[in-house]
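Heads up: the sequence lines are chains L and U, in that order. Position one of the first sequence corresponds to residue 69 (this note's numbering), numbered consecutively onward. Position one of the second sequence corresponds to residue 69 (this note's numbering), numbered consecutively onward. The beta-carbon is built from N, C-alpha and C at its ideal position, and this holds for glycine as well. As the structure is a prediction and not an experimental result, all values here were calculated from the model.
Protein chains: 2
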Amino acid sequence: MKPILLDTRLRLDRIRAARQVIDPIYLDTPQYECDALGRRLGCAVTVKLETANPVRSFKGRGTELVASQLTEQGRTAVVCASAGNLGQALAWSGRRRGLEVTVVAPRSAPAAKLDRIRALGAELELVAGDFEAARERAVSLARERDVRLVEDSLDIETCEGAATIGLELASRAAPVDAVLIALGGGAMATGVGFVVKSLLPGVEVICVQPAGAPAMTRSWHERRVVTTESADTIADGVAGRYPIAAVLDDLLEVADDAVLVQEESIVAGMRLLLEHAGLVVEPSAALGVAAVLEDRDRFAGRHVATVVCGSNVDMDAYRRWVRV
Amino acid sequence: MKPILLDTRLRLDRIRAARQVIDPIYLDTPQYECDALGRRLGCAVTVKLETANPVRSFKGRGTELVASQLTEQGRTAVVCASAGNLGQALAWSGRRRGLEVTVVAPRSAPAAKLDRIRALGAELELVAGDFEAARERAVSLARERDVRLVEDSLDIETCEGAATIGLELASRAAPVDAVLIALGGGAMATGVGFVVKSLLPGVEVICVQPAGAPAMTRSWHERRVVTTESADTIADGVAGRYPIAAVLDDLLEVADDAVLVQEESIVAGMRLLLEHAGLVVEPSAALGVAAVLEDRDRFAGRHVATVVCGSNVDMDAYRRWVRV
Numbered sequence: 069m070k071p072i073l074l075d076t077r078l079r080l081d082r083i084r085a086a087r088q089v090i091d092p093i094y095l096d097t098p099q100y101e102c103d104a105l106g107r108r109l110g111c112a113v114t115v116k117l118e119t120a121n122p123v124r125s126f127k128g129r130g131t132e133l134v135a136s137q138l139t140e141q142g143r144t145a146v147v148c149a150s151a152g153n154l155g156q157a158l159a160w161s162g163r164r165r166g167l168e169v170t171v172v173a174p175r176s177a178p179a180a181k182l183d184r185i186r187a188l189g190a191e192l193e194l195v196a197g198d199f200e201a202a203r204e205r206a207v208s209l210a211r212e213r214d215v216r217l218v219e220d221s222l223d224i225e226t227c228e229g230a231a232t233i234g235l236e237l238a239s240r241a242a243p244v245d246a247v248l249i250a251l252g253g254g255a256m257a258t259g260v261g262f263v264v265k266s267l268l269p270g271v272e273v274i275c276v277q278p279a280g281a282p283a284m285t286r287s288w289h290e291r292r293v294v295t296t297e298s299a300d301t302i303a304d305g306v307a308g309r310y311p312i313a314a315v316l317d318d319l320l321e322v323a324d325d326a327v328l329v330q331e332e333s334i335v336a337g338m339r340l341l342l343e344h345a346g347l348v349v350e351p352s353a354a355l356g357v358a359a360v361l362e363d364r365d366r367f368a369g370r371h372v373a374t375v376v377c378g379s380n381v382d383m384d385a386y387r388r389w390v391r392v
Numbered sequence: 069m070k071p072i073l074l075d076t077r078l079r080l081d082r083i084r085a086a087r088q089v090i091d092p093i094y095l096d097t098p099q100y101e102c103d104a105l106g107r108r109l110g111c112a113v114t115v116k117l118e119t120a121n122p123v124r125s126f127k128g129r130g131t132e133l134v135a136s137q138l139t140e141q142g143r144t145a146v147v148c149a150s151a152g153n154l155g156q157a158l159a160w161s162g163r164r165r166g167l168e169v170t171v172v173a174p175r176s177a178p179a180a181k182l183d184r185i186r187a188l189g190a191e192l193e194l195v196a197g198d199f200e201a202a203r204e205r206a207v208s209l210a211r212e213r214d215v216r217l218v219e220d221s222l223d224i225e226t227c228e229g230a231a232t233i234g235l236e237l238a239s240r241a242a243p244v245d246a247v248l249i250a251l252g253g254g255a256m257a258t259g260v261g262f263v264v265k266s267l268l269p270g271v272e273v274i275c276v277q278p279a280g281a282p283a284m285t286r287s288w289h290e291r292r293v294v295t296t297e298s299a300d301t302i303a304d305g306v307a308g309r310y311p312i313a314a315v316l317d318d319l320l321e322v323a324d325d326a327v328l329v330q331e332e333s334i335v336a337g338m339r340l341l342l343e344h345a346g347l348v349v350e351p352s353a354a355l356g357v358a359a360v361l362e363d364r365d366r367f368a369g370r371h372v373a374t375v376v377c378g379s380n381v382d383m384d385a386y387r388r389w390v391r392v
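This is the structure we're talking about:
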């Protein structure tokens, strides 16, 4: 079947080429149906597991792409703002190539993520406030130092990296009915959504965001950028307040739906993933399961795939939430 | 480099051929260095993760091989004795091919494993006593019904399936210094050990068994089959009492060492894998980490690989052990 054409910043040939420069350690991740979880949710569930790698999230796919380009260009340093996962992944990809990596993170980011960024040899600068404050500081830093600023979701490489997950999902012999993707800045949702919609137009692409950080979902429904005053969710990985217009445009093209879920459902999703799939995940990785929990009728008897996108979580917080 | 020749029941060409009939869902599993765990253990640690598949253990590699042969031979049923993981895997491989699968298990096996065997559509027969009692019953059942009995570790396919893990470990650009392998009946230890020793003779092959179920380790040290009166360990997957002579012969050829670890070390290993690698594992999957904990000097500054072989654990027991 010929891929259908979507009007986005993404292109299948570039995404396919990305696989050539991403360290194989981040590619071809486990993708399997989890019977026990499916029985609990009333639908077949395929888990796409992005946690079994050195940085415990899917972000390595994008940072590998960025870092390999910087090396080719002879650049020696790079800066990003991150709630933790992008920073870790960039630190890993940069260390491997001898790049000086600086990560600006909110002081409130999970300690586990911050520790691992430092351990990977990156310079870590902590700022007061939330992710948006970290982003502003990263912009100034990059300008001062005249180095590349990696902007998650805006920079096409971060979307293309995530999109390689879509290639793997689409390569299954038996496609699923719907793909559930965590929605934050939009790199993963637009990337994976684009590939799935291009290659398997019949598969529903459903983005899931916490009701406590609903900016991109509201924007998608209103078809214009909607910002929020605050973001209040345990899912730190997807807690942005300022959607990027170009990313929203792409999301409008590739997503069939964008839904919001309650914090209790995110926690219930984390618990189900632990109890019935043996997976410790960070809150954003449980958004897909949370969406099924909140709308069981919609998914009853269908086959969904959910991208378990990260497992960087402070164990103390995890214990408190999941009450293990 | 030419493979070195070892006098065992295993052959590299057969193991390579096995990859062709094993469902890819069990192959090319995640294999990555875990910095955080390594820092805690004082050595570099590569995790070979065998839990991210539909049966949450490496046993699918062997049962795929067995089941595909049975199908080719026109057989319609199969029996095995299992503490849980082999039974689940055989149930999965059999269901896919329309084989009637009967699993005989000790009543004391983890409920999580027994539930999943049933859920996969296998007939489950529970017996009083330990694994050896289950094995005896499975032998009679197979004889009565005239169907193939799959005997873990004795049947070469179970070793060859496990051995495909060794091919993946050996395909790394930078080989490790030592491979730590859980030792029970010996399928995994002889299989993985054979491939590692054949292709990378400089890599140390170290088998690890609980001190509470030491039969095969004692046999290896005494170079003759030593049985034990009882087996007392939380690591149900490796709790045999009657080593098989042919398997011991292979193990003598491929293992550089066999060590015993205390229950407290197994629990500490499970805890470290949870806290620093985000992995929920069953006790037998923590044996490698336990071995490092008990002999830090031996591994200090070296690079070890450990096969995280299963995650089928009752969550209640897990919580009690790990005190999460």
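Between the alpha carbons of residue i and residue j, how many angstroms are there, rounded?
i, j, result
"L/E350", "U/L78", "42 Å"
"L/R286", "L/E228", "24 Å"
"U/E219", "U/V306", "14 Å"
"L/S352", "L/I249", "10 Å"
"U/A159", "L/K181", "39 Å"
"L/G253", "U/E321", "55 Å"
"L/R309", "L/M284", "8 Å"
"U/R370", "U/K116", "17 Å"
"L/L267", "L/D96", "17 Å"
"U/L328", "L/S208", "56 Å"
"U/T139", "U/A157", "16 Å"
"L/T119", "U/E212", "46 Å"
"L/Q330", "U/P71", "57 Å"
"L/I83", "L/T76", "13 Å"
I want to verify the contact list: residues of chain L whose CB lies under 8 Å from the CB of residue i, in sequence order.
i, result
"U/S379", "G346"
"U/D304", "Correct list: empty, because the minimum Cβ distance to chain L is about 16 Å."
"U/N121", "P98, Y100"
"U/L341", "None at all; the shortest Cβ gap to chain L is about 10 Å."
Have a look at the options and flag the residue whose alpha-carbon is nearest the alpha-carbon of residue i.
i, options, result
"L/D81", "L/L192, L/T232, L/A190, L/R388", "L/T232"
"U/T114", "U/Y386, U/A303, U/V244", "U/V244"
"L/L74", "L/A326, L/L319, L/L182, L/V218", "L/L319"
"U/G130", "U/E140, U/L117, U/G155, U/E297", "U/G155"
"L/A255", "L/A279, L/A145, L/A206, L/N153", "L/N153"
"L/A313", "L/V376, L/T258, L/I83", "L/T258"
"U/G378", "U/A354, U/V372, U/A145", "U/A354"
"L/R292", "L/I274, L/C275, L/Q277, L/P311", "L/P311"
"U/R87", "U/L109, U/S136, U/T296", "U/S136"
"U/D223", "U/K127, U/T301, U/V263", "U/K127"
"L/E236", "L/L342, L/R184, L/M383, L/T374", "L/T374"
"U/R203", "U/S125, U/S150, U/M383", "U/S150"
"L/D324", "L/L217, L/V247, L/C111, L/A368", "L/V247"
For a contact meaning CB atoms closer than 9 Å, what does residue i contact in chain L?
i, result
"U/D382", "Chain L residues near U/D382: none, gap ~10 Å exceeds 9 Å."
"U/R184", "D103, A104"
Under the criterion of a Cβ to heavy atom distance below 7 Å, does residue i qualify as lining the ligand SAM?
i, result
"L/L188", "This structure does not include the ligand SAM; it has no bound ligands of any sort."
Less than 8 Å between the C-beta atoms of residue i and residue j, yes or no?
i, j, result
"L/S161", "L/E132", "yes"
"U/L194", "U/A173", "yes"
"U/V260", "U/A230", "yes"
"L/L361", "L/S333", "yes"
"U/G280", "U/A299", "yes"
"U/I90", "U/P122", "no"
"L/V273", "L/L251", "no"
"L/V147", "L/A201", "no"
"U/A190", "U/V215", "no"
"U/V348", "L/G106", "no"
"U/A104", "U/H344", "yes"
"U/R339", "U/V390", "yes"
At a CB-CB cut-off below 8 Å, which residues of chain U make contact with residue i?
i, result
"L/R129", "The contacting residues do not exist; L/R129 stays about 14 Å from chain U at best."
"L/R388", "Residues of chain U passing the Cβ test: none, with the nearest at roughly 11 Å."
Since residue i meets chain L, which of its residues come closer than 7 Å, beta carbon to beta carbon?
i, result
"U/I93", "Y100"
"U/L117", "A120"
Starting from the beta carbon of residue i, find every residue of chain U whose beta carbon is closer than 7 Å, and list them in chain order.
i, result
"L/L158", "The contacting residues do not exist; L/L158 stays about 15 Å from chain U at best."
Using a C-beta to C-beta distance shorter than 9 Å, which residues of chain U count as neighbours of residue i?
i, result
"L/A187", "D103, A104, R107"
Which residues of chain A have a Cβ atom closer than 8 Å to the Cβ of residue i, listed in chain order?
i, result
"U/R124", "Annotation note: the requested chain A is absent from the structure, which comprises protein chains L and U."
Item checked: Inside the stretch 167-197 of chain L only - beta strand (DSSP E) runs reaching at least 3 residues -> 168-174, 191-195
Checklist line | Segments assigned alpha helix (DSSP H), at least 4 residues, entirely inside the stretch 196-239 of chain U | finding: 199-213, 224-238
Notebook entry, point to check: Which whole runs of the alpha helix (DSSP H) in the stretch 253-340 of chain U are 4 residues long or more, in chain order?
Noted result: 255-267, 283-290, 313-322
Item checked: Every unbroken beta strand (DSSP E) within the stretch 74-142 of chain L, with a cutoff of 3 residues, ordered by chain -> 99-101, 112-117
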